[in-house]
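Engineer: Take this structure, written in structure tokens, and hold onto it; I'll ask about it next.
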Amino acid sequence: YEGDEAEEQLLNDIYETLLLESESKEILIYGLDEISQAENPQAYGLAKAQLERLTKAGIKERIISPEGNSNFIAPWHYYRWVPEAAGFKTPLFIYGSKIALNNDRPPYKSIVIDNELFADTCRHLFNFAWERSSVPPQPGDR
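When you number the sequence shown by the working numbering, it's gap-free, plus one each residue, and the end is 477.
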């Protein structure tokens, strides 16, 4: 997907793909640096709307973010932190039999690969990182 609608098209693909899933109704996101509503109201609103429709459909998220990012759009327990030195350049989405990379800055582009083997490999790598990541403090505990 390319152009101003690339991110929205990706979010629609994630939603539509996981609606059809019978086994894993979960999206794994590695390297998501969440933004606040004040930073980018449009992107924040898009993310919030996506979360609401995923929740209504029974789809869960697990998100690995850079340490210190506390702009939680999803419930805080969906997140884990890894050191910023992990070098996030763009988030990786793993859902169903697909993986996707999303450039959320101009030029906007999302690349989706539909391949069960690639998705399973990325899922295993995500889980490896998840198990070694730190749990962010609960809002209000900071």
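Think of the CB as a built atom: it goes at the ideal place given N, C-alpha and C, for glycine as much as any other residue.
Cutting at 8 Å between CB atoms, please list the residues of its own chain near A392, excluding the five before and the five after it.
Structural biologist: For A392, where only same-chain residues beyond five positions count, the Cβ hits under 8 Å are Y350, L353, L354, K360.
Engineer: So, does the segment 427-438 touch the segment 403-411, judging by three or more C-beta pairs under 8 Å?
Structural biologist: They do not touch, by the three-pair rule.
Engineer: Where does the unbroken beta strand (DSSP E) through N437 begin, and where does it stop?
Structural biologist: 433-438 is the span of the beta strand (DSSP E), which, as asked, contains N437.
Engineer: Give the C-beta separation of A464 and V447 to the nearest angstrom, bearing in mind that I take them to be a contact with Cβ-Cβ under 8 Å.
Structural biologist: Between V447 and A464 the Cβ distance is about 21 Å, and since that is not below 8 Å, they are no contact.
Engineer: Grab the span of the beta strand (DSSP E) containing F428 for me, first residue to last.
Structural biologist: Taken as a continuous stretch (DSSP letters only), the beta strand (DSSP E) holding F428 covers 427-430.
Engineer: If the criterion is Cβ atoms closer than 8 Å, does the pair L481 and S432 meet it?
Structural biologist: The shown model of the chain, from 336 to 477, leaves out residue 481, and the question about it has no answer.
Engineer: Using only alpha-carbon positions, find the residue among G380, S468, E451 that is nearest to S371.
Structural biologist: Checked all of G380, S468, E451; the closest Cα to S371 is G380.
Engineer: Express the C-alpha separation of P401 and E358 in angstroms, rounding to a whole number.
Structural biologist: So the alpha carbons of these two residues sit roughly 29 Å apart.
Engineer: Check I399 in the structure and name its three-state DSSP category.
Structural biologist: DSSP places I399 in strand when its eight states are reduced to three.
Engineer: Evaluate P471 with the Cβ neighbour count: other Cβ atoms within 10 Å of its Cβ, from every protein chain shown; 16 or more gives buried, anything less gives exposed.
Structural biologist: Flag for P471 reads buried.
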